[in-house]
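Engineer: When we follow the working numbering, the leftmost residue of the sequence shown carries the number 7, and every step to the right adds one. There's a structure below that I have some questions on.
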Amino acid sequence: MSNNSYITEIKTTARIIHDFIYNNIKLSDQEHATFIAGALIALQEPIFNSAYKNDYCHQADYFVEMMMSAIKSSIYRCKGFDKPEKREIVLAEFSFIARNEQLKKIVNVEGHDWIAVQYLLKVLESVYTIAREHPEYDILGAFYDQFTKYSASDQQSLGIVLTPHHVAQFMSELLEINEDDVVLDTCCGSASLLLTAGGKAKQSIGVELNSRMAAISLANMIIKGLPTYIWLGNSFDDEIREEIKTYKPTKLIINPPYSQQDKELSFVENGLDLLQPGGMGVVIMPVSCANKSDTESKSLRKSILSKHQLIASFIMPEQLFAPMVGVNTIICLFKAYSAGNEPAFLSYIKDDGFELTKSEGRVDRNNKWPAIKKEFIDLYHNRQEANKKSVLVDVAEDDEWSLISHMVIHEDVYSDEFFIPHIQAYLMYLIQGGSKNV
């Protein structure tokens with residue numbers, strides 16, 4: 007099945023499920039997302055998968071009990087949830103399925119009687135198949151992305167801010183992951199980055215503080231069958247940090263939670279500190295983190311560069327996360343515990359070929375991104391300066407990390423068109439954060 011055909015299948019399935027739930031069942035936005043995860047986990051269990059389409063119309067309570075048992079069995083076999091209290095926390099995220107009486111009612115669809123939850127499982131079967139056939143693709147993320155387009159919710163109300171798949175692939179390629187690598191994500195969310203990066207790795211390990219998101223990331227990993235260990239907890243916790251170190255992670259890939267408290271750089275330092283010497287780490291974060299001149303930001307950047315080398319940075323196009331999140335971003339690549347003295351490759355991907363549409367979000371209608379990505383990957387590997395695209399800069403511990411900050415060196419090739427959008431974005435960031443210095 008080609009990319010286009012399975013994406014079309016996901017869109018169709020998302021629409022069917024959204025309409026069915028809207029017309030028949032009362033689920034909150036967050037319950038909707040978690041239900042999909044629970045359903046896909048249940049379908050992973052062979053006994054339940056082979057029996058769920060049988061006639062259970064007079065045994066609705068028993069059917070839901072079977073589904074919950076299948077979810078429980080999958081979770082109990084998963085690493086990272088081996089402690090009873092953590093199992094129960096994750097299981098509790100799915101408990102609404104057993105309590106919701108509307109999921110147990112009988113519905114007639116095209117002349118056939120189904121228990122409502124049973125019909126939803128039947129519709130989801132195609133998504134489950136796609137997920138198994140395409141382990142590198144965040145099927146759950148793509149499904150949720152479609153759901154937000156059909157409802158009044160957005161990714162933030164679902165608690166899920168997805169890294170666009172083409173960006174996740176780009177970050178993964180920068181890491182050059184191989185079969186000996188252990189990939190770490192210290193704030194894994196729905197595990198979309200681990201899915202993209204972990205396909206070639208020996209093992210993927212992640213940490214997630216939010217129990218609902220941990221349940222969703224678990225669903226993603228279970229249905230993919232990837233060698234994964236996910237902790238439910240805080241990646242800054244000393245006990246978890248010590249456990250992570252026993253796995254000797256060699257690659258880090260993170261999209262830290264964006265906040266008004268400017269904690270993104272703390273996630274960067276924490277993650278890099280957990281890598282083996284010489285390991286590589288890639289992060290996507292607000293571009294302001296690379297440029298802010300306040301004391302705390304400068305201190306954090308200095309602390310990071312005192313231990314780890316900035317290899318490259320890529321300012322990403324405006325509206326990369328639009329329409330869900332309005333923030334300009336930068337991808338930074340580091341080498342852990344490296345004393346290298348080569349200049350850093352700083353670049354600006356002004357256009358990724360995607361267009362913001364009203365009904366579909368950002369789409370690459372003309373398939374421009376593959377060529378754009380190759381151009382910047384080649385520039386990076388060849389360490390090549392290019393007009394209005396890249397420069398090589400010696401970045402000191404006190405320096406900022408984005409190309410914009412170093413353009414005084416090459417001011418003749420940059421115009422107001424380059425600077426103004428980023429100045430505007432930075433000012434809006436300060437205003438939203440309540441800064442009194444604007």
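In this text, a Cβ means the ideal position worked out from N, Cα and C, and glycines have one as well.
Is G165 helix, strand or coil when you go by DSSP?
Structural biologist: Position 159 of the sequence shown, counting from 1, holds the residue named residue 165. Caution applies to G165, whose pLDDT of 49 falls short of 50 and renders its modelled position unreliable; the model cannot decide the point.
Engineer: Classify D144 as buried or exposed, calling it buried when 16 or more other Cβ atoms lie within 10 Å of its own Cβ.
Structural biologist: Sequence index remark: in the sequence shown, residue 144 carries index 138 (1-based). It is buried - the Cβ of D144 has at least 16 other Cβ atoms within 10 Å.
Engineer: Sorted by chain position, which residues of the same chain lie with C-beta nearer than 7 Å to M72's C-beta, five sequence neighbours on each side aside?
Structural biologist: Counting from 1 along the sequence shown, the entry for residue 72 is found at position 66. Once the five neighbours on either side are set aside, the close Cβ partners of M72 are F54.
Engineer: Straight-line CA distance for E366 to P90?
Structural biologist: Along the sequence shown, one-based indexing puts residue 366 at 360. Along the sequence shown, one-based indexing puts residue 90 at 84. Approximately 42 Å, taken between the alpha carbons.
Engineer: What is the residue span of the alpha helix (DSSP H) that I453 lies within?
Structural biologist: The requested residue 453 is not part of the displayed model; the chain covers only 7 to 444.
Engineer: What do you get for V369, buried or exposed, if any count of 16 or more other CB atoms within 10 angstroms of its CB means buried?
Structural biologist: As a working mapping, residue 369 is identified with position 363 in the sequence shown. Under this definition V369 is an exposed residue.
Engineer: When you compare only the Cα positions, how much space is there between N261 and K379?
Structural biologist: In the sequence shown, residue 261 corresponds to position 255, counting from 1. In the sequence shown, residue 379 corresponds to position 373, counting from 1. Rounded to the nearest angstrom, the two C-alpha atoms are 19 Å apart.
Engineer: Is I415 helix, strand or coil by DSSP?
Structural biologist: As a working note, residue 415 is residue 409 in the sequence shown. With a pLDDT of only 45 at I415, under 50, the local geometry of the prediction cannot be trusted, and the value read off the model is given with reservation. In the structure shown, I415 sits in a helix (DSSP, three-state: H, G or I).
Engineer: Taking only three categories from DSSP, how would you classify A197?
Structural biologist: Translated into the one-based positions of the sequence shown, residue 197 becomes position 191. Coil, per DSSP.
Engineer: Report buried or exposed for G231, applying the criterion of at least 16 other Cβ atoms within 10 angstroms of its Cβ.
Structural biologist: In the sequence shown, the residue the question calls residue 231 occupies position 225. Burial call: exposed.
Engineer: Enumerate in chain order the residues of its own chain whose CB-to-CB distance from Q282 is below 6 Å, with the five nearest sequence positions on each side excluded.
Structural biologist: Here the question's residue 282 lines up with position 276 in the sequence shown. Only K254 and T256 meet the Cβ criterion.
Engineer: Using a threshold of 6 Å, is the CB atom of I246 nearer than that to any non-hydrogen atom of the ligand PLP?
Structural biologist: Among the components of this structure there are no ligands whatsoever, and the ligand PLP is therefore not found.
Engineer: When you compare the CB positions of F340 and L278, do they come within less than 7 Å of one another, or not?
Structural biologist: As a first step, residue 340 is located in the sequence shown; it is residue number 334 there, counting from the start. As a first step, residue 278 is located in the sequence shown; it is residue number 272 there, counting from the start. Cβ distance < 7 Å, so F340 and L278 count as in contact.
Engineer: What are the start and end residues of the alpha helix (DSSP H) that includes W375?
Structural biologist: To locate residue 375, count along the sequence shown from 1; it is residue 369. It spans W375 to N388 - the alpha helix (DSSP H) in which W375 sits, taken as one unbroken run.
Engineer: Tell me whether the stretch 38-54 and the stretch 92-103 touch, counting them as touching only if at least three CB pairs, one residue from each stretch, are closer than 8 Å.
Structural biologist: Enough Cβ pairs lie closer than 8 Å, so yes.
Engineer: Select from L146, A137, I16 and I317 the residue whose C-alpha is nearest the C-alpha of L168.
Structural biologist: Taking the sequence shown and counting its residues from 1, one reaches residue 168 at position 162. Nearest C-alpha to L168: L146.
Engineer: Drop a sphere of 10 angstroms on the beta-carbon of Q108, count the other beta-carbons inside from all chains shown, and report buried for 16 or more, exposed for fewer.
Structural biologist: As a position in the sequence shown, residue 108 is number 102, starting the count at 1. Exposed, because fewer than 16 other Cβ atoms sit within 10 Å of the Cβ of Q108.
Engineer: Ordered along the chain, which non-local residues of its own chain (more than five positions away) have a Cβ less than 6 Å from that of C295?
Structural biologist: By one-based count along the sequence shown, residue 295 stands at place 289. These residues qualify, in order along the chain: E270 and L271.
Engineer: Using a Cβ-Cβ cutoff of less than 7 Å, which residues in the same chain neighbour D50 once the five nearest sequence positions on both sides are dropped?
Structural biologist: Stepping through the sequence shown from its first residue, residue 50 is reached at position 44. According to the sequence provided, residue 50 is Gln. The question's Asp does not apply to it. These residues qualify, in order along the chain: S80, I228 and I229.
Engineer: If G285 and L258 are in contact, beta carbons under 8 Å, what's the gap, nearest whole angstrom?
Structural biologist: Numbered from 1 along the sequence shown, position 279 holds the residue referred to as residue 285. Numbered from 1 along the sequence shown, position 252 holds the residue referred to as residue 258. At roughly 7 Å, the Cβ-Cβ gap stays under 8 Å, so G285 and L258 are in contact.
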